[in-house]
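*Asks:*
Protein chains: 2
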Amino acid sequence: MAFPWPDIGTPLADVLTPLPVIDEDRLAANIARTQAYMDAHRLSFRPHIKTHKIPAIARQQIAAGAIGLNCQKVTEAEVFADAGCDDILISYNIMGKDRLARLMALNDHVAKLHVVADSAVTVQGLSDAVGGGKPLLVLVECDTGAGRCGVQTPQAAAELAQQIHAAPGLVFDGLMTYPAPGGARAVEAFLRETMALLDGHGIACPTRSNGGSPDLFSAHLVPTATEHRAGTYVYNDRSMVRAGACGPDDLAMHVLATVVSRPTPQRVVLDAGSKALTSDLLGFADYGEIVSLPGARIVSLSEEHAVVDLSGCTAALPPVGAQVRIVPNHTCVVSNLFDRMVFHRDGVVTRVEKVAARGTVW
Amino acid sequence: MAFPWPDIGTPLADVLTPLPVIDEDRLAANIARTQAYMDAHRLSFRPHIKTHKIPAIARQQIAAGAIGLNCQKVTEAEVFADAGCDDILISYNIMGKDRLARLMALNDHVAKLHVVADSAVTVQGLSDAVGGGKPLLVLVECDTGAGRCGVQTPQAAAELAQQIHAAPGLVFDGLMTYPAPGGARAVEAFLRETMALLDGHGIACPTRSNGGSPDLFSAHLVPTATEHRAGTYVYNDRSMVRAGACGPDDLAMHVLATVVSRPTPQRVVLDAGSKALTSDLLGFADYGEIVSLPGARIVSLSEEHAVVDLSGCTAALPPVGAQVRIVPNHTCVVSNLFDRMVFHRDGVVTRVEKVAARGTVW
Chain A
707 MAFPWPDIGT PLADVLTPLP VIDEDRLAAN IARTQAYMDA HRLSFRPHIK
757 THKIPAIARQ QIAAGAIGLN CQKVTEAEVF ADAGCDDILI SYNIMGKDRL
807 ARLMALNDHV AKLHVVADSA VTVQGLSDAV GGGKPLLVLV ECDTGAGRCG
857 VQTPQAAAEL AQQIHAAPGL VFDGLMTYPA PGGARAVEAF LRETMALLDG
907 HGIACPTRSN GGSPDLFSAH LVPTATEHRA GTYVYNDRSM VRAGACGPDD
957 LAMHVLATVV SRPTPQRVVL DAGSKALTSD LLGFADYGEI VSLPGARIVS
1007 LSEEHAVVDL SGCTAALPPV GAQVRIVPNH TCVVSNLFDR MVFHRDGVVT
1057 RVEKVAARGT VW
Chain B
707 MAFPWPDIGT PLADVLTPLP VIDEDRLAAN IARTQAYMDA HRLSFRPHIK
757 THKIPAIARQ QIAAGAIGLN CQKVTEAEVF ADAGCDDILI SYNIMGKDRL
807 ARLMALNDHV AKLHVVADSA VTVQGLSDAV GGGKPLLVLV ECDTGAGRCG
857 VQTPQAAAEL AQQIHAAPGL VFDGLMTYPA PGGARAVEAF LRETMALLDG
907 HGIACPTRSN GGSPDLFSAH LVPTATEHRA GTYVYNDRSM VRAGACGPDD
957 LAMHVLATVV SRPTPQRVVL DAGSKALTSD LLGFADYGEI VSLPGARIVS
1007 LSEEHAVVDL SGCTAALPPV GAQVRIVPNH TCVVSNLFDR MVFHRDGVVT
1057 RVEKVAARGT VW
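Here the protein sequences line up with chains A and B, keeping their order. Quick note, the first sequence lines up with residues 707 to 1068 if you use this note's numbering. Quick note, the second sequence lines up with residues 707 to 1068 if you use this note's numbering.
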């Protein structure tokens, strides 16, 4: 039997839960506000599709002024290239024979495709894969303090840039970083120092791609960057409110859930478990915030259950069968759990979009 | 472009990562060993499909002697009913008009369908939905210490059983519990006391369904139970090894990943992030165990990256491009992230099964 996605026009009170839903007006406002900020600071904006994974939303972002898209994997980028996007950055070290072959097909298909590298192994693999084909634009990924991928120093960045510059089939096009929160000063210093070194070698560095969501509205503190990448802003979530990057009225995603049990006066159980909210804590002590139940805490999740401690709740306690709205800790990972996403305006379903890039981990 | 699922006969060394893979021989041995234990103790065994979500695996479990299946949601049960299973327990408080209508269609379709209830609201909803249709078998869900759903006392269980017994369209058929770890004694006491109360009311209680994976091989310590439910045993995972429910050689699922970066001598980054491993910690301090790198710790995950601290690693450090095998903390949630599951024997792909019940949260 088909999954019970709601029809357009359905009131949210009537949908089957658990269900993440997107407020159309807040979505549009988030896109407009962020693009206006980037425009005001003359920063190119490259939204990360990981938050929504939906071509129709990407088109809204590009229509608002985004220069292109940021993807993390080749299979993600394929989805958005097929949907017509002609400027994509895949911010990942891409390796493996089959994956590199698909990357090359993508490079032929997309007008402007960038990838990143942080090691000689990645550079060699990319160069070998290009062969005599269309040259590939490569950025050096720099670790400016986040402690994930990336070369560790401007000297190492300049050295790898020279290797890319010298590698057959590759075009060194600049630098990319995913910074630590509050890392603007470190990013600026790293970019400037690397550019000075490259300048000494006569190597141009036209693209300087900075990123990150919590510090989105501090992007102007890195004037050397030419573009900024961010994803979460489009829906926003509890982590973005905590970071001060949005307010409660900017939360476009809520997860609707139903009270399925009230075993004790102080405990209710919701039907939104880790298959709806994920286990991402992102530093929070519980698994999401229930809008209508201030002080209630989602203390544990199993796959299909959320156990809620009501002992600190200051609102009227919900009966079995009541629907509640949850602000998820992390919106991107919720998107990856559902085959489709339901949109609404004022609580009435407006559209149901396929989450086209769900599950694209390759 | 189609997703790059490997062909049968592909060596695992050549697959695109991240990819969970299932060892056919260990899978078969886990099914056989667990069924033999249940048979030896004359306990009916009802595997929970949440771990695999694949009809072909359910058929292996039933062929080995399982009496039927345990599902959590109506849409899950629909998948397995369509695949031919005629004895299903949905261990969930089912509510909502559309969902109840689908439940009734399922009840007509499946020879033996049980659901559970822990409140008068659930019972009323079920009874209303049956109308004049085929009677529905209902178990009372009992909280024997796990602190999730369930009535709190044998007295409350007996009272709800009487309500079910009296409700038009419903047949009270027994008790169900999902116990706390180490809770055998509490379960046995709760079941016995409730049955004594029911006996006083002249109400039969033919089904007593106990469950849980970590204590799987203690199921015989609850002699009053007529059946046991468990899911994780079929693949096993790090939490099952910790619980003593299996050894390392019983781990049928591994997540294959590739070293995509080695930014510092003591840090590597793998391509298995929370979209492959999930953020489920289950009480562990890190996000999985890397088989070939004893002492290495997966200290953080983002969606597409795992950051590994090698400072405690006693093995040779892996170069960029190397493939590693990860034992996930929790196997069930990994299954929910992938549209298909890849099986192998001795490292060669044997089959690729659709994860038919992936994403069925309703």
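Ideal placement from N, C-alpha and C gives every residue a C-beta, glycine not left out.
As a quick exercise: from A:Trp1068, A:Val1048, A:Met946 and A:Gln972, pick the residue whose alpha carbon is nearest that of Val1033 (chain A).
*Replies:* The candidate whose alpha carbon is nearest that of Val1033 (chain A) is A:Met946.
*Asks:* So which residues of chain A does Asp824 (chain B) contact, with C-beta pairs closer than 7 Å?
*Replies:* Chain A residues near Asp824 (chain B): Ser967 and Pro969.
*Asks:* Measure how close the beta-carbons of Thr850 (chain B) and Phe896 (chain B) come, nearest whole angstrom, since I'm counting them as under 8 Å.
*Replies:* About 5 Å separates the two Cβ atoms, so the contact holds.
*Asks:* Are any of the Cβ atoms in chain A nearer than 8 Å to that of Val844 (chain B)?
*Replies:* No, its Cβ sits nowhere closer than 8 Å to a Cβ of chain A.
*Asks:* Mapping the DSSP letters down to three states, classify Gln778 (chain A) as helix, strand or coil.
*Replies:* Reduced to three states, the DSSP call for Gln778 (chain A) is coil.
*Asks:* Note down the Cα distance separating Gly1001 (chain A) from Pro724 (chain A), rounded to an integer number of angstroms.
*Replies:* Looking at the two C-alpha atoms, the distance is approximately 21 Å.
*Asks:* Could you name the residues of the same chain whose beta carbon sits closer than 6 Å to that of Gly918 (chain A), not counting the 5 residues immediately before and after it, in chain order?
*Replies:* Same-chain partners within the cutoff: Pro885.
*Asks:* Looking at Glu1010 (chain B) and Gly979 (chain B), is the spacing between their C-beta atoms short of 8 Å?
*Replies:* Cβ atoms of Gly979 (chain B) and Glu1010 (chain B): closer than 8 Å.
*Asks:* Over the uninterrupted alpha helix (DSSP H) stretch that includes Gly831 (chain B), give me the two end residues.
*Replies:* Ala826 to Val836 is the extent of the alpha helix (DSSP H) around Gly831 (chain B).
*Asks:* What residues of chain A sit near Glu1009 (chain B), judged by a beta carbon separation below 8 Å?
*Replies:* Per Cβ cutoff of 8 Å: Lys756, Gln778, Cys1038, Val1039 and Asn1042.
*Asks:* Is there at least one Cβ from chain A nearer than 8 Å to Gly1069 (chain B)'s Cβ?
*Replies:* A query on residue 1069 (chain B) cannot be resolved here, the shown segment of chain B reaching from 707 to 1068 and no further.
*Asks:* Which bits of chain B does Asn799 (chain A) rub up against, with CB to CB less than 9 Å?
*Replies:* Under the 9 Å cutoff, chain B gives Val966, Ser967, Val975, Asp977 and Val1026.
*Asks:* Grouping DSSP H, G and I as helix and E and B as strand, with all else coil, what is Thr938 (chain A)?
*Replies:* Three-state result, Thr938 (chain A): helix.
*Asks:* May I have the straight-line CA-CA distance separating Val821 (chain A) from Lys759 (chain B), to the nearest angstrom?
*Replies:* Those two C-alpha atoms are separated by around 36 Å.
*Asks:* DSSP three-state call for Lys759 (chain A): helix, strand or coil?
*Replies:* Looking at Lys759 (chain A) - three-state DSSP - the assignment turns out to be coil, as it is neither helix nor strand.
*Asks:* Apart from the five residues on each side of it in sequence, which residues of its chain come closer than 8 Å, Cβ to Cβ, to Asp955 (chain A)?
*Replies:* Closer than 8 Å at the Cβ level, and outside the excluded window around Asp955 (chain A), lie Arg732.
*Asks:* Between which two residues does the beta strand (DSSP E) harbouring Cys848 (chain B) extend?
*Replies:* Residues Leu842 to Cys848.
*Asks:* State the beta-bridge partners of Pro874 (chain A) as determined by DSSP.
*Replies:* DSSP, once it has assigned bridges, lists no residue as partnering Pro874 (chain A).
*Asks:* Going by DSSP, what residues sit across from Glu1059 (chain B) in a beta bridge?
*Replies:* According to DSSP, which records beta bridges pairwise, Glu1059 (chain B) is partnered with B:Met1047.
*Asks:* Strictly under 8 Å for the Cβ-Cβ distance: is Gln869 (chain B) near chain A by that measure?
*Replies:* So, not an interface residue.
*Asks:* To be precise: take each residue of the region 937-962 of chain B, compare its Cβ to all Cβ atoms of chain A, and keep it if any distance is under 7 Å. Which residues remain?
*Replies:* Taking 7 Å as the Cβ-Cβ cut-off against chain A, none of the residues of the region 937-962 of chain B qualify.
*Asks:* Could one say the Cβ of Cys791 (chain A) lies closer than 8 Å to chain B's Cβ atoms, at least one of them?
*Replies:* With 8 Å as the cut-off, Cys791 (chain A) does not count as an interface residue toward chain B.
*Asks:* By the 10 Å Cβ neighbour count, where 16 or more other Cβ atoms means buried, how is Ile714 (chain B) classified, buried or exposed?
*Replies:* Answer is exposed; the Cβ neighbour count stays below 16.
*Asks:* Can you give me the C-alpha to C-alpha distance between Asn890 (chain A) and Asp824 (chain A), rounded to a whole angstrom?
*Replies:* The residue asked about is misnamed: residue 890 (chain A) is Ala in this sequence, not Asn. So the alpha carbons of these two residues sit roughly 21 Å apart.
*Asks:* With DSSP as the reference, identify every bridge partner of Pro710 (chain B), one or two as the case may be.
*Replies:* Bridge partners of Pro710 (chain B): none, in fact.
*Asks:* Out of B:Ile996, B:Phe709 and B:Gly875, point me to the one whose CA is closest to Lys840 (chain B)'s CA.
*Replies:* Nearest C-alpha to Lys840 (chain B): B:Gly875.
*Asks:* Secondary structure at Val1040 (chain A), three-state DSSP: helix, strand or coil?
*Replies:* DSSP places Val1040 (chain A) in helix when its eight states are reduced to three.
*Asks:* Helix, strand or coil for Phe751 (chain A) per DSSP?
*Replies:* Correct three-state label for Phe751 (chain A): strand.
*Asks:* Lys840 (chain A) versus chain B: which residues are under 9 Å apart at the beta carbon?
*Replies:* Within chain B, no residue comes near Lys840 (chain A); the closest Cβ sits about 18 Å away, beyond 9 Å.
*Asks:* I'd like to know whether the C-beta of Ala698 (chain B) is nearer than 8 Å to at least one C-beta of chain A.
*Replies:* Shown here, chain B extends from 707 to 1068; a query on residue 698 (chain B) therefore has no answer.
*Asks:* Under 8 Å between the Cβ atoms of Leu845 (chain A) and Asp879 (chain A)?
*Replies:* Yes. Within cutoff.
*Asks:* Kindly list, in the order they appear in chain A, the residues whose Cβ is closer than 8 Å to that of Thr740 (chain B).
*Replies:* Here the premise fails: no neighbours, minimum Cβ distance about 20 Å.
*Asks:* Using the C-alpha atoms, what's the distance from Asn799 (chain A) back to Trp711 (chain B)?
*Replies:* Cα to Cα, the separation comes out at about 21 Å.
*Asks:* Under 8 Å Cβ-Cβ, which residues of chain A neighbour Lys981 (chain B)?
*Replies:* Within 8 Å Cβ-Cβ: Val1039, Asn1042, Gly1065 and Val1067.
*Asks:* If you count every other CB in all the chains shown that lies within 10 Å of the CB of Ala835 (chain B), and 16 or more means buried, which is it?
*Replies:* Label assigned to Ala835 (chain B): buried.
*Asks:* Just to confirm, are Phe1044 (chain B) and Pro726 (chain B) a CB contact at a threshold of 8 Å?
*Replies:* Going by C-beta atoms, Phe1044 (chain B) is nearer than 8 Å to Pro726 (chain B).
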